[in-house]
Every structure is written in C-alpha cells, then in structure tokens.
Amino acid sequence: MSLIHWAILSPFLMAVFVPFFRKYIHKIHTGWFVLLLPIFLFTYFLQFLNETMNGKTVIKTANWIPSIGVNFTAYIDGLGLLFALLITGIGALVVLYSIYYLSKVKESLHTFYVYLLCFMGAMLGVVLSDNIIVLYTFWELTSLSSFLLIGYWYTREKSRYGAQKSMLITVFGGLSMLAGFILLSIMTDTFSIREMIPQVSTLPDHPLFIPAMLLVLLGAFTKSAQFPFHIWLPDAMEAPTPVSAYLHSATMVKAGIYLVARLSPIFAGSSEWFWIISSFGLFTLFWGSFNAVKQTDLKAILAYSTISQLGMIMSLLGIGSAAIHFIDVPDNLYMAAIVAAVFHLINHATFKGSLFMVAGIVDHETGTRDIRKLGGLMSIMPITFTLAVIGTFSMAGIPPFNGFLSKEMFFTAMVNVTTLDIFNMETWGVLFPIIAWVGSVFTFVYSMILVFKTFTGKLQAEKLPKKPHEAPIGILIPPIILASLVIIFGFFANLLVPSIIKPAVASIMPRVVEGKMAAIEIEYWHGWNTELKMTLGVFALGALLFLTLAKWSKLYNVFSKRLTLNNLYDYVLLSIEKTASTLNRFYMTGVIRDYLVVIFSFFILALGSSLVIKDAFAIDLTHVAPIRLYEAVLSLVLVAGVVTILFAKSRLTAIIALGAVGYSVSLFFILFRAPDLALTQLVIETVSVALFLLCFYYLPELKKKEKKLRFKVTNLVISLGVGTIVTLIALSANSNRLFESISSYFIENSYKEAGGKNIVNVILVDFRGFDTLFEITVLGIAALGIFGMIRLRLSRGKGQ
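Counting from 1, one number per residue, gives the positions in the sequence shown under full-length UniProt numbering.
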C-alpha cells in the first residue's frame, strides 16, 4: 500500500493504541497524544496542493478483491483534497478543544478518542476512495462511529435516543445508497467512479438510471440532513460539544454534499437531478432557518442553522449541475453556483465550527445553554463574545466576513437561475430567489438571537448553575483560529481561488473549458445589482423581525406540535416495536416443538414451492453408483435405530438406539473411504453417549403418563415433508449438473499444490483456510463472550 493508504488507515491504527496511553500515562491528557496525528495528516495532505493546482490527480491502488473489481483506490483531486484538509484541519482543532473541554478525571477519554479517530479515518476513506464499494464501506463506518460519539454520554436517555435516531436514519440512507451503487455498477460494468464518468453519454437512456439516482440521493440526503431526513441532527446535539463541532459542522453532515458533488458528472444534465437537489435544498434552507428562530438552546439553534446552511449548499450544487452538461452558457451562470457551493462549504466549516465551540464554552463556564437564562455575558466573557460576533455575523451574511461573499454568490445564482431556458424553469423557477431570500431573512434573525440574547441584556446570575467567567486560553485557541480564518477569507478570498476552489470546481465539472475556469474571481463590490438589494432587504426585514420577535413569535404556536416529523418518526418506531412484540408473542411460546414446527413448515413451503416454480425436480440415476447389499442392510439398521428412539419406553433404550444411529453413520463413512470422518464420528458418538448416560442416570424414572405417546398428524406431516423435500433436493441437485464437479480439481491438486494426501484435510486447511480461520474466530468470540458473562455473574455474586 502507498503512503496515502496508510494516511487513511492511520487513525484506525492509532485508535488501537489510545487505551494504552490512558492506562500507562495518567498525568498527561490523552488528547495531547491524539493531537499529533491530525496535525501530521493535515501537513501531509498540504503537499498535494501543488499537484491539484496544476490540474493533476494522484491515484494509488491497493488490491483488495481484484477478481470482482473491488480495489482500495485512493484518489486525490481538488475535491477530495479540500475535504481531506477540512477533516484533518478541523479535526486537529477539535482535539485541541476537547483537551480543555473534557476532564481527564471525570470522562472516559480513551473511549472518546477511539471513537473520534475511527470517525476521522472513516471520513478520509469516504472522500478519498474511487471505488464505490470501498466508499460505501467507509460511509457506514462514519454512521457507526458517529452513533458511538453521539451516544458517548450513554447514561443520558436523550443521548441514547439521539444516537439511535441518527443511526437508523443514516444507515437506512446508506443501504439505499448501496443499492444505487449496485445499479450504477450494472449500468457501467465497473465500481470505479473515474471509469463511470466517460460513459455518461449513454447512461440517461438506461432504465436503471433514475432508480440509481434516487437511491444515491437517499443516502446523500439522510447523511446531510436534508428535509425530511433532517430530524436526526437536532437530537444529535446531545453529544459533547467537540463532537458537534466536528461531525455536525465540518465533516459528517458534509458527506452527503461530497457525494452529490462527486457524482454530479455522472447524473448532472438530467432534469430529475436538477429539480430534486435544487428544490429539496432550497426548502431545507427555508425550513431549517424558520425553525431555528424558535429554539431556546444554543446548540439547537446551531443544529437547525446547520440544516439550513446544508440546504443552501445542496441547492447550489443542484443549480450548478446544469453546467456540467450545458457547457456553452453565457456569463458562466451555472459555474458560479458550483463556485459558490465550494466557497460556502469552506466558509461554513470556519464560522460554524467556531460557533459550536463558543456554545460549548458558554455551557462550560455558565452551566447552561438555555438563552432564556443567559444574557449580560458580554463584559464577563469579552473574548467569547467577540468570537460569537464574528461567527454569527458571517453566518448572517454581514460584511466584511467571508459569509457575506458566499451569500452574495448564492443570491447571484438564484437570480440567474430564473433566466434559464431548460428544465421548464420558466414555470417554477421564479420561486428560487424568493425562497432563498426568505430563508436568508430567518438566517439573519436566528443569528442575531444567538449573539444578542446570549451576551447582551441583563445578567441573570441567579438562574445560572455556575458563576460565569471567561474561559481559559487553551479552550479559546481553536475558535480564535477559526474566527481568524473567517476574517482572512473575507478580506483575501481570492487566495483560496487558485489553491482550493478552482481545483475543487474542476473536479466537480471536469468538462468545463479552461477559459471559463480562469474567469473565477471573488469580489466584494459588483455595483448596485439585484443581489445587493436583496441583501439590504434581508438586513432591514431581519432587523425588524428580531426587534419585534416577541410579537410575532406566537406564530409558531399555530402549528400543532403533534403534526411534526419527529412525532411521525416516534410513531413509526413505536408501531414497529408493537408489531414485532405481537409477532414475537405469537410464535415465541417457549416450547421447542412450536419453534421446530414454524422452522420446518417454512422450510417445506419455501423449498418445495421453489422446486415447483423453477421446474427443478428431476431424477437421473445414470451416474449413480449401485447400492450394494451391505449398504442396504446398514441403511435398514440405521432406520431401525431411529424408529426405536421414537417408540422407546425407557431413556436407556433411547440412548443406546441413538448411539446405534451414530455408529451406523460412521460405518457409512468407512464404506465411502472417509476414515478421518469415521474416526471423528466415532469419537463424538462415544463421548455423546457417555455424557447422556451420566446425565440421565440422575433423572427420575419415567412415569406412566409420560410413557404414553400421543400421535399428532401435524408432526407426521411435517416430518414426512422435510424428509421428502431433502430427498428431492438431493436427487434434483445430483441430476441437474450444470457444470463439472469441483471434486476433480481437488483430487488433482491436493497433493500437487498443498502437499497433502488427505483431500478433506487439505480442503479445510489450505483451499478453505480463511473459511476455517473465520469459523475458529467465531468460536473464539463466542468463548470470550461466555467467559465475560460468567465473570460478570461471579463479580455480581460477590457484591461488586
């Protein structure tokens, strides 16, 4: 494997050693050791900037399952590098922040950092994988690790609820995405995204194109909290603030954004892709900002603001997707949307990351995040207040911060989209700038609530669990760095254009000509255009709504609290649980006979119907060896032993008959020249009979009423049915040989390739070595589980 592969896997490798840091080094916070890795990775990925700026890509492949085309291909281009730098850069700041936020005495730090490192590695795998199966593997690892991070404080009911909710919704989307990936591979005959892109001209006419698109978008929308799948994100705020700052502002929630951007060259150009992404993104922008205004928890406000901002980026990708197909467009209307999406993706990571950290600082130093209890903190926490102003003003789109620039570009894209003459934009296209403007007004309102309700007004010290004071410098450094980037990117945005933005846009729009790419430039002043007027309108109406919040906020009470997506989720989950419980009570009777009736009935119906439907029943005795006399006699002995068990009136007789059946089978192995199997069977039967005799010796004698056997037609029918089906399947399988038996291969190669004369042993140890290894592993895991339960039971018995 290359260094890139090791860079992706390094967080997983370091996670293995984190518990040892905690165990053997007590005086130093575990985070100081973990911090070294994201700093190193960020520095390592920076070296690829020069190559991506020159339009080059770095591709390294490690074979995984080459026989089916599944290889671990690491692919660094402008888009992948942008996300890799966000993941490692923000990750380093979050780890530094967590060192001061999480107590090394009260918290299980090794657990936290193991989860965090696993998430970091999984995200790097997502954004740097070219193979869609490998990408999906890392994608689900992000869901798993985020579930563990959200539920880190597992003793809290809300943490467990939020973790479960995020897991169910994102894993549902991930499985849908996997189905879409499989359809894509069927259409293109490859798992490589790079190899799919050259085939885009033929894909839209394929009948699987739309289903694949919808399934992939389900995965992207659930991960990036797009309406109506956004409901998991606010509940995920129960995670520690470092988790929220990392997962829910800069990385995990942007995985869906990344997926849409990465697959745009494949699906873009279709009206379905354009309308679905644009409309869902715009509605998510509005719905998130509208609901953020009524929240009273700082992190809840930031959660809904994240939903809104993600909708904004998604809508820009939807509008800009047309540029990938329609290249000859005047004034680069479409490309401006893609540039705005990439630029705001960077801006959002800076101002939202700092705001989450500010919310954590307020909670850490006052003991609450409830804005109804906060206020008057400006003079007590001046540095935190300054950071909050920078972050919220950027989020509101106020100059001179970077959020103003990307918001202006957003308005430009929304105004220009009304001039398009494709995809029937002349009908509903006029709504795009209207919804964008309304959503931006509410964005301004909740931004002002966030900063002024928390830091201005009267101090309510009696309502605060702790006496407020300014945070220590260590916990302030990460948000200071992010806030500084907000200002730097605001004044010197064009520094990002050649190094980050252009390469990322080129990755999303590979067919755009170089001339249009060179025209990318970010400026503050574009004259008194429509976008500037829209911005002034946002400021004016937003300020008015903020000042009159108490008068019109009652509007939220008009909507019934019962008619919400959260209640629908709870209702569906509860209905599933009730249905499952009812079904369980129906067949989980506690009687083994009932379980066997269900299992064998399904066995008969499923396999019997398959034989009939597929017309697979056939008997061909041409290649069957003749039955010899002693084989027939041995078969009669075996049957006699089984019948004896059924009608035995004493346990001793039943045990002896059962042993006779086992020994008869071992004689069959001898006749069929399998002495090792015969020896194994003899040993097992001897041990089993001996154990049965030892156990049954201590049981009471059978009573008369227990000796009477009641004949049941159901048992007879099921028994005969199972025997008949198994016999028919065996005969049909032997009669329908579609290809030559593999046994000849083993006969020819067992000694030549593996040096063993016992074919069965060679198959188990060499040809199926991994299968045997995994079976041993499963047994080992089961043994460890049993040992753990016994040890736990013993410790409880001692009162520990």
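Ideal Cβ placement from N, Cα and C applies to all residues, glycine included. Just so you know, these numbers come straight off a predicted model, no measurement behind them.
Residue span of the beta strand (DSSP E) that contains residue i, given as start and end
i, result
"Thr73", "70-76"
Through-space distance from residue j to residue i, alpha-carbon basis
i, j, result
"Gly403", "His248", "18 Å"
"Ala690", "Ile655", "9 Å"
"Arg793", "Gly780", "20 Å"
"Glu408", "Thr535", "8 Å"
"Thr306", "Met120", "20 Å"
"Ala733", "Asp615", "12 Å"
"Val329", "Phe455", "Interpretation of Val329 is limited by its pLDDT of 49, a score under 50 that renders its predicted location unreliable; the figure taken from the coordinates is listed afterwards. So the two alpha carbons sit approximately 48 Å from each other."
"Pro265", "Asn424", "21 Å"
"Lys104", "Gly174", "35 Å"
"His5", "Ala74", "7 Å"
"Met1", "Phe42", "20 Å"
"Leu3", "Leu9", "10 Å"
"Val16", "Tyr115", "11 Å"
"Lys707", "Ile645", "Bear in mind that a pLDDT of 47 at Lys707, under 50, signals an unreliable position, so the model cannot answer this."
"Lys789", "Ile25", "Sequence check: residue 789 is Met here, not Lys. Cα-Cα distance, rounded: 30 Å."
"Phe374", "Leu549", "Residue 374 is actually Leu in this sequence, not Phe. Looking at the two C-alpha atoms, the distance is approximately 17 Å."
"Trp273", "Met213", "8 Å"
"Pro400", "Gly490", "6 Å"
"Tyr605", "Val722", "According to the sequence shown, residue 605 is Leu rather than Tyr. Cα to Cα, the separation comes out at about 10 Å."
"Arg562", "Ser553", "19 Å"
"Glu740", "Leu629", "30 Å"
"Leu555", "Ser289", "15 Å"
"Val639", "Ser795", "50 Å"
Residue i: first and last residue of the uninterrupted alpha helix (DSSP H) it sits in
i, result
"Trp287", "271-292"
"Ala625", "No alpha helix (DSSP H) contains Ala625, which DSSP labels as neither H nor E."
"Trp428", "425-428"
"Leu102", "Here Leu102 belongs to no alpha helix (DSSP H), and DSSP marks it neither H nor E."
"Gly439", "431-455"
"His110", "109-128"
"Leu420", "Element bounds for Leu420: n/a, residue is neither H nor E."
"Lys551", "549-552"
"Trp525", "Taken as a continuous stretch (DSSP letters only), Trp525 belongs to no alpha helix (DSSP H), as it is neither H nor E."
"Leu476", "473-491"
"Met588", "Neither: Met588 is in no alpha helix (DSSP H) and is coded neither H nor E."
"Ala245", "241-247"
Which of helix, strand or coil DSSP assigns to residue i
i, result
"Lys60", "strand"
"Asp297", "strand"
"Ser560", "coil"
"Asp370", "strand"
"Ile520", "coil"
"Tyr569", "helix"
"Leu761", "Strictly speaking, residue 761 in this sequence is Asn, with Leu absent from that position. Asn761 falls in the helix class under three-state DSSP."
"Ser2", "coil"
"Asn131", "strand"
"Ile65", "strand"
"Ser394", "helix"
"Ser192", "strand"
"Glu740", "coil"
"Phe356", "helix"
"Phe401", "coil"
Nonlocal neighbours in the same chain, by C-beta distance under 8 Å from residue i, ignoring five residues either side
i, result
"Asp331", "Bear in mind that a pLDDT of 44 at Asp331, under 50, signals an unreliable position, so the model cannot answer this."
"residue 804", "Residue 804 lies beyond the stretch modelled for the chain, which goes from 1 to 800, so this question has no answer here."
"Gly89", "Pro38, Phe42"
"Lys165", "Ile231, Trp232, Asp235, Ala236, Tyr569"
Beta-carbon contacts of residue i that lie in its chain and below 7 Å, excluding the five residues immediately before and after
i, result
"Ile383", "Glu470, Leu476"
"residue 813", "Nothing about residue 813 can be read from this structure; the chain reaches only from 1 to 800."
Contact set for residue i: own chain, Cβ-Cβ below 6 Å, skip 5 residues either direction
i, result
"Phe209", "Leu203"
"Pro11", "Leu117, Met120, Gly121"
"Gly755", "none"
"Ser575", "none"
"Ala453", "Checking the sequence, you will find Lys at residue 453 rather than Ala. Hits under 6 Å: Ile371."
"Leu764", "Thr772"
"Leu285", "Ser308, Gly311, Met312, Gly439"
Check: residue i C-beta below 7 Å from any heavy atom of the ligand ATP
i, result
"Leu574", "Questions concerning the ligand ATP fall outside what the structure shown contains, since it holds no ligand whatsoever."
(Q) For the structure I just gave you, are there three or more beta carbon pairs, one from the region 389-402 and one from the region 236-244, closer than 8 Å? (A) Verdict: no, contact absent.
Q) Is it a yes or a no for the region 275-295 touching the region 426-440, going by three-plus beta-carbon pairs under 8 Å? A) The region 275-295 is in contact with the region 426-440.
Q.
Measuring CB atoms only, is the region 38-57 touching the region 76-84, in the sense that at least three cross pairs come out at less than 8 Å?
A. The count of Cβ pairs closer than 8 Å, one atom from the region 38-57 and one from the region 76-84, reaches three, so the stretches are in contact.
Q: Indicate whether the contact test is met: 3 or more Cβ pairs, each with one atom in the region 210-222 and one in the region 176-189, closer than 8 Å.
A: In this structure the region 210-222 lies against the region 176-189, because at least three pairs of beta carbons, one per stretch, are closer than 8 Å.
(Q) Check whether the region 684-698 and the region 713-725 are in contact - that is, three or more C-beta pairs closer than 8 Å. (A) Too few Cβ pairs lie closer than 8 Å, so no.
Q) If you pair each beta-carbon of the region 628-645 with each one of the region 731-746, do three or more pairs fall below 8 Å? A) Because the criterion of three Cβ pairs below 8 Å is not met, the region 628-645 and the region 731-746 do not touch.
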